[in-house]
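One structure is given here, and the rest of the page talks about it.
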Amino acid sequence: MTKLKAEKITLLIAIAATTLLPVWFIPYDEPTAGLQAIKILAKIGSLVGAMLLVWQFLLGFRGAVGWLVPDLLWLIDLHKALGACAIPLILLHPIFITIYYARRFGLNVFSFEAGAAFAAYVALGVFALLLVAFIVVTSLFLRSRMDAHTWYRSHLLSYAIMPAVLVHGYAIGMTIAGTGMGVLWRVLIVLVSVFYLSRLLFRFGWAAHPHRVIRTVPVADQTTEITMRPLAAKMTPRIGQFVFLRRQSLAGARPYTVSHYDPDTGELAVTIKALGETSSRHQDIEPGERVLLDGPYGVFTWEALTTHRPIVMIAGGIGITPFRRLHRQLNPHSDRQHFLFYGNTDSRDIAYREELEQAGHVQVVHVISDEPDYPGEKGYITADLLEKYLGPELARCEFFICGPPAMTVKLERELHQRYVPTDQVHHELFTY
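Residue numbers (my numbering): 1330 to 1761.
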């Protein structure tokens, strides 16, 4: 078992154990089995759902979990999966707690029958539920219609959910007040408070790595390599890893793959193509400017150094950056074959062209989609094109894909249709 796999399994066990722990504290003291079942469903919805929310918030903060498991994209997927599990559980609570109070005490929890304070804390719980609903709708149904910045800002409203849930439960939760769950709840309040403070400090540059820009070099049309020198402790990014770059403490951050790293000096470079508002601003960075980096994150291309299969690198546009360091690490004297398929709109977009074509141990195939007179491969990278160079037995190869999401999804589907095992197809998320 690899160290990375062991870290992932350990994290999953920790999540499962802590999430199920509140079930131990649910009292079994109701006069009828039916009422007890209603109570259990209500408590699972509130207590187990709250634990899942705590983990989801923790996994959504790269500054907190990047040191646990370096595979940030896996953590993002886990963050989404926990949200998908938490939502139906949370919905159990308002449904069954309403039934429970009506049958057990003859009370309508949404009225003032139990007093104004009780009603206020119920309203706080409803507020948290509405925020959860808003996050679900914007994430699942409106995400494709929103730009990254608008979605991110709307997602910040989720930070009001945990305080509302914790206060709501602590104030009127009978299990929290009458069992050892109260101790656990107070621990959660402290942990969430520390989390929020850390998140705020992180936003102001805490734990960031300050660097000085020492040179900028254009490497293709609207594409610039920015080299930086550390002003404090050196970062040690492995191949394929990325960092988040921002120009000031409160400025927007953007992830970029480390395209060059000097372990002796700690100098590293990222290669930026103007694709949006933030990346366009980052293209204006000049030598002498101080920037902040956090990371490194990611595990993309690590398998390329351990597998014995032929390596097939597939890049789209600026997705070439992880492969710049990888092709230098591949053994030029190995009998194993190395291929790079590099797709661009036109030949002016090809980054590091001369360097790549001089790498004799890698067969480079450029694919241009919008240049009719281009003498090489034209169109898009497809499984048919791969078979032209690799032969029909694609399952003998290890594939690494980095490019626009549409390209990645299409290629993965085509490779799976040709019986390439899932664990032999790796991709980097070319978005954020």
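The beta-carbon is built from N, C-alpha and C at its ideal position, and this holds for glycine as well.
Given the structure is predicted, the values throughout are model-derived calculations rather than measurements.
- Along the length of the segment 1391–1422, whole alpha helix (DSSP H) runs at least 4 residues long occupy 1391–1394, reported in chain order.
- Within the same chain, Cβ atoms closer than 6 Å to the Cβ of residue 1537 are found at 1621, 1623, the five residues on either side in sequence being excluded.
- Within the segment 1415–1476, the runs of alpha helix (DSSP H) at least 4 residues long that lie entirely inside it are, in chain order, 1445–1469.
- Residue nearest to residue 1562 within the set 1541, 1689, 1404, 1479 is 1541 (criterion: CA-CA distance).
- Using a Cβ distance threshold of 7 Å, residue 1633 and residue 1655 count as a contacting pair.
- Annotation for residue 1554: the continuous beta strand (DSSP E) segment containing it runs 1552–1559.
- With respect to the 7 Å criterion, residue 1449 and residue 1490 are not classified as neighbours on the basis of their beta carbons.
- Between residue 1497 and residue 1453, the C-beta gap is smaller than 7 Å, which places the two residues in contact.
- When the five nearest sequence neighbours on each side are left out, the beta carbons in the same chain lying within less than 8 Å of the beta carbon of residue 1387 are those of 1393, 1394, 1524, in order along the chain.
- Of 1665, 1518, 1486, the smallest CA-CA separation from residue 1500 is found for 1518.
- Under DSSP, residue 1545 forms a beta bridge with 1555.
- Cβ neighbours of residue 1442 within its own chain (closer than 7 Å, five residues either side excluded): 1436.
- As the crow flies, the alpha-carbon of residue 1616 is around 15 Å from that of residue 1577.
- Two segments are said to touch when three or more pairs of C-beta atoms, one from each, lie closer than 8 Å; by this definition the segment 1745–1757 does not touch the segment 1665–1673.
- In the DSSP annotation of this structure, the continuous segment of the beta strand (DSSP E) that includes residue 1626 starts and ends at 1619–1626.
- For residue 1732, the enclosing beta strand (DSSP E) begins and ends at 1727–1732.
- In this structure, DSSP gives residue 1656 a helical state, which the three-state scheme calls helix.
- Excluding the 5 residues flanking it on each side, residue 1371 has same chain C-beta neighbours closer than 6 Å at 1422, 1425, 1426, 1429, in chain order.
- In the DSSP assignment, residue 1643 falls within the beta strand (DSSP E) that extends over 1640–1645.
- Counting only the Cα atoms, residue 1652 lies some 16 Å from residue 1696.
- In the structure shown, residue 1677 adopts helical secondary structure according to DSSP, grouped into three states.
- Per DSSP, residue 1497 is one residue of the alpha helix (DSSP H) stretching across 1490–1501.
- Residue 1412 is classed as buried because its beta carbon has at least 16 other beta carbons within 10 Å across all chains shown.
- Following the DSSP letters along the chain, one finds residue 1365 inside the alpha helix (DSSP H) bounded by residues 1362–1372.
- DSSP places residue 1598 inside the beta strand (DSSP E), whose first and last residues are 1597–1602.
- With fewer than 16 neighbouring CB atoms inside 10 Å of its own CB, residue 1334 falls in the exposed class.
- Fewer than three Cβ pairs drawn from the segment 1698–1711 and the segment 1598–1611 lie within less than 8 Å of each other, which leaves the two stretches out of contact.
- Sequence-distant partners of residue 1636 (beyond 5 residues in either direction) whose C-beta falls short of 6 Å from its own C-beta, in its chain, are 1727.
- Counting along the chain, residue 1692 sits inside the beta strand (DSSP E) bounded by residues 1692–1697.
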